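The structure appears below as structure tokens.
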Amino acid sequence: MLSQSSTARDDLLERLESIVGAKDLIRDPAGMQPYLTETRGLFRGHARCVIRPGNTDEVAAAVRLCAQAGVAMVPQGGNTGLVGGGVPFEGGGEVVLSLGRLNRVRAADPVNDTITVEAGCILQQVQEAAEAADRLFPLSLGAEGTCQIGGNLSTNAGGIQVLRYGNMRALVLGLEVVLPDGRVWDGLRSLRKDNTGFDLKQLFIGGEGTLGIITAAVLRLFPRPKEKTTAFVAVRDPAAAVALLGRVRAATGEAVTSFELIPRISLDISIKHIPGIQDPLNESHGWYVLVELWSEAANSGLRAALEEALAKAYEDGLVPDATLAANEGQAQSFWRLREAMVEAQKFEGGSIKHDVSVPISAVADFIAQACAAVEAMIPGARPLPFGHIGDGNIHLNISQPPGADTQAFLARWAEVNRAVHDIVAALNGSISAEHGIGRLKLEENLHYKSPVEIELMQRIKQALDPHNLMNPGKVVPDAN
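Those letters in the sequence shown? Residues 979 to 1458, by this note's numbering.
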């Protein structure tokens, strides 16, 4: 005879199956496995089941059943996150709600410059739908072929064009959200101005599914660029890179779309391990920036303006060398260099990673202090600071010393994090710029945020999810 708990568990699964059908309720361990492991393998959980609802009504019905049964839920998009926010815990009592079947583009409105999409839409799918309407959806990042819009929203994704277009908070006008009790909040408004109270959508953007499940969104669109200018520029040092950013923006205004910092060590590792990667310049330099400018008008003079700014920077000793892409193919080769850095680093052994932001004026100080601190802690360690210098977001990845024991090196992850994050905090920065908090940074977030901030976050969580069933143990520490 089944125990009461087993009977209740089977009853819940049967009722969930009645919502989506047998094909979209996954119970067997092998079928669930892809939904239970974080992309870097840092977290491996278990679950009662994985449910794949196909529309908002099915999401709401599943959430209601789980809420009534007191069963915790883990919303999941493309499972490309890097902080364990989208995978269940090891205990196996949670239900994973995968949003991949909510993948319709509901409407595109080029007159209003908006597109309404469901949470399971792949980011690249949204980009292509915008292009079909002769518009641009500007969010772009390495996982855009597999990540889903719901996950992008839940982590407030940034990417390589934040400098000009902003992160997801700036790209959303309205949301549809299933609340922790199964009710649906229809906030799918396409208004630029709506001054009728709290901006509720901002609670769910960046909330990593802890306050509700985003099922659809109204996203902003923009005119497609008619002219692009891309340059690979050697700079004297990170301080010179920051100075060059100011000069290029002064010369070209809002045309600066991307401004990426690349250290020489990353370039060397990419050339070593990734076929087809070549040094764009004739001589080696310590630091580089990848600059891209866009204009909605053809023949806008962007190239000439950038050449003039670089020539003046050369005269002033900020820029020892530079090359401008002659065509789209060469521009793509520059971007391939930027993208190859993370891939190539895997071949160098263990890597301790950071995703932080500081004020742009503090970028050079952060890099100098953090690299010195890491090298003092672990002689021979190789810091690779790179990233979106235009918005102060630096990815400080630290490769193990050559020949070192990988596991011994990775065992110092928390210790190195604390040293780097202390520097970030002293510079009034953030320990998570675009990857979120999830499980990985929960304790670190608690350490660095003020008690008032933590209390406010906990009160919001308790107000919307009083039984702590929506992605518990992520982002917000449980209230005492």
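Idealized CB from N, CA, C, for every residue including glycine.
Computed from a predicted structure; not experimentally measured.
- About 6 Å separates the CB atoms of Leu1362 and Ile1243; that is less than 8 Å, so the two are in contact.
- Listed as beta-bridge partners of Asp1333 by DSSP are His1373, Ser1410.
- Here Ser1278 carries a coil assignment [DSSP, helix/strand/coil].
- Residue state for Asp1343 is assigned as helix, using DSSP reduced to three classes.
- Annotation for Glu1154: Asp1164, Leu1166, Thr1193, Ala1194 place their beta carbon closer than 6 Å to its own, counting only its chain and skipping 5 residues before and after.
- Using a 10 angstroms sphere on the CB of His1425, the tally of other CB atoms stays under 16, which defines it as exposed.
- Scanning the segment 1176-1212 from its first residue to its last, the whole alpha helix (DSSP H) runs of 4-plus residues come out as 1179-1182.
- One thing to note: Cys1027 has its Cβ within 9 Å of the Cβ of Arg1005.
- Taking every protein chain shown into account, the CB of Thr1230 has 16 or more other CB atoms within 10 angstroms, so this residue is buried.
- The beta-carbon distance between Thr1188 and Lys1452, rounded to whole angstroms, is 6 Å. This is short enough to meet the 8 Å contact definition.
- The beta-carbon distance between Leu1268 and Leu1284, rounded to whole angstroms, is 13 Å. This is too long to meet the 8 Å contact definition.
- Between Arg1390 and the set Ser1329, Lys1179, Met1448, Val1061, the nearest pair of CA atoms involves Ser1329.
- Leaving aside the five residues that flank Ile1252 on each side, the residues in its chain whose CB is nearer than 8 Å to its CB run, in chain order, Ala1318, Glu1321, Ala1322.
- When secondary structure is reduced to three states using DSSP, Gly1152 falls in the strand class.
- Rounded to the nearest angstrom, the Cβ distance from Arg1142 to Val1234 is 7 Å, consistent with a contact under 8 Å.
- Contact between the segment 1172-1187 and the segment 1397-1413 is absent, with fewer than three C-beta pairs closer than 8 Å.
- Restricting attention to Leu1149, Glu1270, Gly1120, Ala1121, the CA atom closest to the CA of Asn1134 is found in Leu1149.
- In the three-state DSSP reduction, Ala1111 falls in the coil class, being neither helix nor strand.
- Excluding residues up to 5 positions away in sequence, Arg1026 lie with their Cβ nearer than 8 Å to the Cβ of Arg987 in the same chain.
- The straight-line gap separating the alpha-carbon atoms of Asn1371 and Ala1340 is approximately 11 Å.
- If one requires a minimum length of 3 residues, the beta strand (DSSP E) runs lying completely within the segment 1011-1081 are 1027-1029, 1051-1054, 1073-1076, in chain order.
- DSSP, reduced to helix, strand and coil, places Gly1165 within a strand of the structure shown.
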